[in-house]
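Student: Position in the sequence shown (first residue = 1) + 738 = the numbering used here. Starting off with a structure, shown below.
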Amino acid sequence: MTQDTVTLPHATADAEVAEFAAIADDPFTPPAGSALWRRDFLLGAATASYQIEGAVNEDGRLPSIWDTFSATPGKVLAGDTGAVACDHYHRWEADLDLLTRLNFEAYRFSIAWPRVMDEAGRPNAKGIAFYKRLLERLKEKGIRTFATLYHWDLPQHLEDRGGWLNRDTAFRFADYADLMSRELSGLVDAWMTLNEPWCSAYLGYGNGHHAPGLANGRYATQAMHHLLLGHGLATSALRANDPASAKGIVANVGRGTPDSPSEADVRAARRFEVQHNAWILDPLLKGEYPEELFALWPGAEPLVLEGDMQTIAAPLDFLGINYYFRTNVKSDGANGFIEVPLEGVERTQMGWEVHPDGLRDLLIGFSRTYENLPPVYITENGMASDDRVRDGQVDDAQRIAFLKRHLAAVDAAIAAGVDVRGYFVWSLLDNFEWAFGYERRFGVVHVDYDTQVRTPKRSAELIARFLARRRALDGA
Ligand code: IFM
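The following block contains the structure:
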């Protein structure tokens, strides 16, 4: 995958961009001069296996922790499960046609571990064939392929042996990465080992909001250590088997701001970011856990064996950043923080505050904190709204403004010197939003879950129009 920075392709392009940006009477088109007009700034859409595939019992797929969790009463809103989801396992060809019609240039998806390996670690040919076909079709269509190995669907049989609390799971994950990169070598432009280890560790093992639903702070730090160890081991397998691809990991990052300028509140906001960001980024980029994490969680240090931190801190080709909202916090009177929700701010269907500056500030902050920060992709950004189809259309005005403002924040970070190479909207399709089931709609394409009819929302139409224009300027 090319990592060069190119300028606009021909002499008239600047004028044409300016003209189009001026006449485009839509609320999405970026201003002339924005890095978004550069063809090498990738614009893609993202999904994840359990959220869209369905077909949970087909072709030898084994149960995952999310099958078990969502089948447990009270864990997921309205008792929803991913059993059918968007039925993407059967409708993948039409979904890729839609992706192409919307002019997206890159597709980020995830592989379901329980679909491709049996309990003994043997390959499941039918499951692997599904992803091979998907990738081959994407390549035929000229779409860049970004594959995540772990977007939370741990095989249940591994959870039965302790899941991410068991050090052995990190080694099983490396076996899985080894198998996938041997089978899919040459078809993947960029591999991501883990999606959002913070969620797997903290929501899965620390507070129980996600599968497998355990709630113990000590578990969270140990699970995180094994996840990161698995990442490091997997990265070396990917490098050995598929040298031409880029290798990275995806972190969800949070912006914490202090409720007052008091020293205690400023420290609380810093600790919020330590807990959300440095907990993952320090081991990856500095080879150590941040000491302040254990001021926040005394006694929760994980068991780390010799050589683990070197494995975890192996060089990355890129870092994926997922950003959604900001959290305003104050001191809890001791070592930690508590959230103080701000009044009168714009929020999404999730209740999350719309705060694009947080993305800009975090990106600039990371580039200063980590001198070895690799090139960044925004691997997820987007919002949920209660979208309805009316007269065959979905007017998602809030999402359009949200995307435009967050892309402008990315542009500002690039202007400040941060090496951001692309942006993926979360998500291509409305899908199974974990503990919130199907109520929360993050897609730029609406999905009617009764009929499986897909309806591109107005946001998708505007993105498509912009990308068509950008491509035309490039003469492609
Ligand atoms: O839907 C999720 C995705 O699976 C991981 N990142 C956040 C999204 C919205 O909550």
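Built from N, CA and C at the ideal position, the CB exists for glycine as well.
Is residue 786 near ligand 1, going by C-beta to nearest heavy atom under 6 Å?
Tutor: yes
Student: Which residues in the same chain as residue 1148 place their Cβ atom closer than 7 Å to its Cβ, once the five residues preceding and following it in sequence are excluded?
Tutor: 1097, 1116, 1158 and 1161
Student: I need the boundaries of the alpha helix (DSSP H) containing residue 846, first residue and last residue.
Tutor: For residue 846, there is no enclosing alpha helix (DSSP H); the residue is found in the beta strand (DSSP E) stretching over 844 to 848.
Student: Can you find the residues in the same chain that come closer than 6 Å, C-beta to C-beta, to residue 911, ignoring five residues on each side of it along the sequence?
Tutor: Take residue 911, set aside five residues on each side of it, and the residues of its chain with a beta-carbon closer than 6 Å to its own are 968 and 972, in chain order.
Student: Apart from the five residues just before and just after residue 1190, which ones in its own chain have a Cβ nearer than 6 Å to its Cβ?
Tutor: 825
Student: Distance check for residue 852 and residue 1150, CA to CA, integer angstroms please.
Tutor: Distance between the alpha carbons of residue 1150 and residue 852 is about 41 Å.
Student: Taking only heavy atoms of ligand 1 into account, decide whether any of them is closer than 6 Å to the Cβ of residue 1118.
Tutor: yes
Student: Looking at residue 1060 and ligand 1, is the gap between the Cβ and the nearest heavy atom below 6 Å?
Tutor: Yes - ligand 1 has a heavy atom lying nearer than 6 Å to the Cβ of residue 1060.
Student: Taking 7 Å as the threshold (C-beta atoms), are residue 1170 and residue 815 in contact?
Tutor: no
Student: Could you check which residue in 963, 780 and 788 has the C-alpha nearest to that of residue 890?
Tutor: 788
Student: Given this structure, state the Cα-to-Cα distance separating residue 1187 from residue 1000, to the nearest angstrom.
Tutor: Their backbone Cα atoms lie some 49 Å apart in a straight line.
Student: Put residue 1060 into one of helix, strand or coil per three-state DSSP.
Tutor: strand
Student: Report yes or no: do three or more beta-carbon pairs, one from the stretch 972 to 981 and one from the stretch 921 to 936, lie closer than 8 Å?
Tutor: Segments in contact, yes.
Student: In terms of alpha-carbon separation, which member of 1027, 1067 and 1208 lies closest to residue 1004?
Tutor: 1067
Student: Give the DSSP-derived three-state secondary structure of residue 885 in the structure shown.
Tutor: In the structure shown, residue 885 adopts extended strand secondary structure according to DSSP, grouped into three states.
Student: Measure the C-alpha to C-alpha separation of residue 821 and residue 1193 and round it to an integer number of angstroms.
Tutor: Computed Cα separation, rounded: 22 Å.
Student: Using the C-alpha atoms, what's the distance from residue 786 back to residue 1085?
Tutor: Spanning the two alpha carbons is a distance of roughly 24 Å.
Student: Return the first residue and the last residue of the alpha helix (DSSP H) that residue 914 is part of.
Tutor: 906 to 921
Student: Anyone know if the C-beta pair for residue 790 and residue 894 falls short of 7 Å?
Tutor: no
Student: Using the Cα positions of residue 914 and residue 901, report the straight-line distance between them to the nearest angstrom.
Tutor: 15 Å
Student: Applying the 10 Å Cβ sphere with the 16-neighbour rule, what's the burial state of residue 817?
Tutor: exposed
Student: With residue 1035 and residue 955 assumed to form a contact (beta carbons below 8 Å), what rounded beta-carbon distance in angstroms separates them?
Tutor: 5 Å
Student: Along the chain, where does the beta strand (DSSP E) containing residue 1159 start, and where does it finish?
Tutor: 1158 to 1164
Student: The beta strand (DSSP E) spanning residue 1184 covers which residue range?
Tutor: Unbroken beta strand (DSSP E) run through residue 1184: 1183 to 1185.
Student: Taking one C-beta from the stretch 834 to 843 and one from the stretch 975 to 985 each time, how about it: are there three or more such pairs within less than 8 Å?
Tutor: no
Student: Would you mind sorting residue 1043 into buried or exposed? The rule is 16 or more other CB atoms within 10 Å of its CB.
Tutor: The Cβ neighbour count for residue 1043, taken over all protein chains shown within 10 Å, is under 16; the residue is labelled exposed.
Student: Using the C-alpha atoms, what's the distance from residue 981 back to residue 1040?
Tutor: 32 Å
Student: In three-state terms, what does DSSP make of residue 877?
Tutor: helix
Student: Taking the beta carbon of residue 765 as the centre, do at least 16 other beta carbons fall within 10 Å, making it buried, or is it exposed?
Tutor: exposed
Student: Please classify residue 1208 as buried or exposed, where buried requires at least 16 neighbouring CB atoms within 10 angstroms.
Tutor: Buried, because 16 or more other Cβ atoms sit within 10 Å of the Cβ of residue 1208.
Student: Should residue 1110 go down as buried or exposed, given a rule of 16 or more other Cβ atoms within 10 Å for buried?
Tutor: exposed
Student: According to DSSP, is residue 774 helix, strand or coil?
Tutor: Looking at residue 774 - three-state DSSP - the assignment turns out to be helix.
Student: For residue 1145, collect the residues of the same chain with a Cβ closer than 7 Å to its Cβ; drop the 5 residues on either side in sequence, then sort them by chain order.
Tutor: 768, 774 and 1161
Student: Mapping the DSSP letters down to three states, classify residue 960 as helix, strand or coil.
Tutor: helix
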